[in-house]
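Residue numbers (this note's numbering): -8 to 202.
Read the structure below first, then the notes.
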Amino acid sequence: MRFLITAGPTREPIDPVRYLSNRSSGKMGYALADAALARGHEVILVSGPVSIRAPEGVTLVPVETAREMYDAVAETIAGADVAIFCAAVADYRVAEVADEKIKKTDESLTLTLVRNPDILGSARNAFDFRGILVGFAAETEKLAEHALDKLRRKGCDLLAANDVSRTDIAFDRDENEVELFYKDGRREGLPLASKGQIAKEIIRRVEGLVE
Ligand code: PMT
């Protein structure tokens, strides 16, 4: 099968030298790419800026901003059987990016932010994607409630939720622990394990959804 996977953070420029971003390392998304490859699938990896190497054999599409990630997904999703959205996409970008480095003239500086496109939320409608759709949810509270809301609103078949208030898992860690929520109402926990192991478990379950 052909997998499209998003990974890593996005970077939203403020001026030529500064940006808004988050702590995503890309490890979880790259582990999913690795696990899918190991199972013999073709993988397109749309990745924000990370410092890890893409697994050999993937088609890497490097992007910086959420809008670039949106365009890259829009271009590649049609040929995919499975799309997994693991990237930590910035929900907002700076309304006006300064052409020159912003000088510290005043005591405070106000940045106006505007919404970025919701890439996962565009899959079913704007992109007309009919394959298996897998989302992630990064939550600090009410994990199940927020995850189920995202699963339904974004038309996912499966959603992997992680508790990002924990410092031992998720963002920039080598391990993760996720709660899986399925479209049909099933729910299942994947206990603390390496991101490689979690990725294998997720890919196996995705394959099960196709069969
Ligand atoms: O990269 P690591 O350091 O290994 O960390 C892994 C991780 C914590 C980033 C990963 O496990 C994870 O939780 N990824 C989702 C992060 C996120 O942005 O979650 P969210 O709840 O804000 O977004 C929900 C879903 O919508 C996600 O599938 C996200 O990719 C997608 N999204 C969000 C906003 C947006 N504008 N477009 C999107 O596609």
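Built from N, CA and C at the ideal position, the CB exists for glycine as well.
Treat the numbers as computed from the prediction; the structure is a model and nothing was measured.
Contacts around residue i, its chain only, beta-carbon distance under 6 Å, and the 5 residues preceding and following it disregarded
i: Arg178; result: Phe172
i: Lys145; result: Leu111, Gly112, Gly126
Pairwise C-alpha distance: residue j and residue i
i: Arg143; j: Gly112; result: 10 Å
i: Tyr83; j: Asn13; result: 12 Å
i: Gly176; j: Ser99; result: 48 Å
i: Ser15; j: Pro0; result: 5 Å
Test item: CB-CB of residue i and residue j under 9 Å
i: Tyr21; j: Val8; result: no
i: Pro53; j: Leu28; result: no
i: Ile75; j: Phe127; result: yes
i: Asn107; j: Thr56; result: yes
i: Gly122; j: Val64; result: no
Near the ligand PMT: residue i beta-carbon under 8 Å from a heavy atom
i: Tyr16; result: Correcting the residue type first, residue 16 is Ser in the shown sequence and not Tyr. Correct: Ser16 has its Cβ closer than 8 Å to the ligand PMT.
i: Ile(-4); result: no
i: Asn167; result: yes
i: Ala129; result: yes
i: Arg196; result: no
i: Phe162; result: yes
Any C-beta of chain C under 9 Å from that of residue i
i: Ala152; result: Of the protein chains in the structure, only one exists, and it is not chain C.
Spatially closest choice to residue i from the options, by CA coordinates
i: Asp148; options: Ala24, Ala138, Asp159; result: Ala138
i: Lys174; options: Ser185, Ser38, Val197; result: Val197
Contacts around residue i, its chain only, beta-carbon distance under 7 Å, and the 5 residues preceding and following it disregarded
i: Ala86; result: Thr103, Leu104, Val105
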